[in-house]
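Working notes for the structure below.
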Amino acid sequence: MRQITKDIQITIDGNPTGFRLTKLDAFSGVTLLRLLMRLEEHHPNPTMLDLIASLSEDELRSVMTSVLNHTEVLLPAGPHPVMTGNEWGYPELEHDTPSCMKLLLEGIAWSLSGFFGGGRSKPEAAPADTAP
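Taking the working numbering, the leading residue of the sequence shown gets 50, the next gets one more, and so forth.
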C-alpha cells in the first residue's frame with residue numbers, strides 16, 4: 050500500500066511537537082510541480098528555498114494554504130488539522146512563521162518526493178527539526 054502520510058516532529062517554543070503530513074492531492078501536487086518546473090528554467094538545481102522565493106504572493110499563499118491543509122498537529126486527544134480551508138484549525142501557528150515555514154518545506158518535499166527518482170536531483174528541504 051502506498052504511504053501518503055508521514056509523522057514528523059518540530060520544536061516549538063522549546064517543546065517537541067508532532068505533526069502528520071499528508072501528501073498533496075493530485076491537482077495540488079501537479080500545480081506545485083509546474084511551479085518548480087518554471088523555476089528550473091532559471092535555476093539549474095533549485096532548492097526549496099529558491100522555490101519559495103520565486104513565488105508571487107498569491108502563489109505562495111495558495112501553496113502554503115494547500116500544504117497546511119494537508120497537515121495535522123498530533124495532540125493527546127488525536128490529530129487536529131492545522132488549517133481547514135483558509136481558517137486556522139490550530140491557531141497557535143498563525144503567528145509562528147518559523148514553524149509554518151518548516152511545515153511548508155517538509156510538506157513540499159514529502160509531496161514531491163516521488164517525482165525525483167533516477168538521475169534527477171531532488172530539491173533540498175530545510176533540515177527537519179527533531180527532538181532529542
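The beta carbon of each residue, even a glycine, is placed where N, CA and C say it ideally should be.
- For T71, the enclosing beta strand (DSSP E) has its first and last residue at 64-71.
- Put simply, the segment 99-111 does not touch the segment 121-134. Fewer than three CB pairs are less than 8 Å apart.
- Around the beta carbon of H119, a 10 Å sphere encloses 16 or more other beta carbons of the protein chains shown; the residue is thus reported as buried.
- With contacts defined as CB atoms closer than 8 Å, V116 and G156 qualify as a contacting pair.
- Per DSSP, the unbroken alpha helix (DSSP H) holding P147 starts and ends at 146-161.
- In this structure, the alpha-carbon of D56 lies about 28 Å from that of S103.
- For E121, the uninterrupted beta strand (DSSP E) run begins and ends at 120-124, by DSSP.
- DSSP places P128 in the strand class (E or B) of the three-state scheme.
- In the three-state DSSP reduction, I53 falls in the coil class, being neither helix nor strand.
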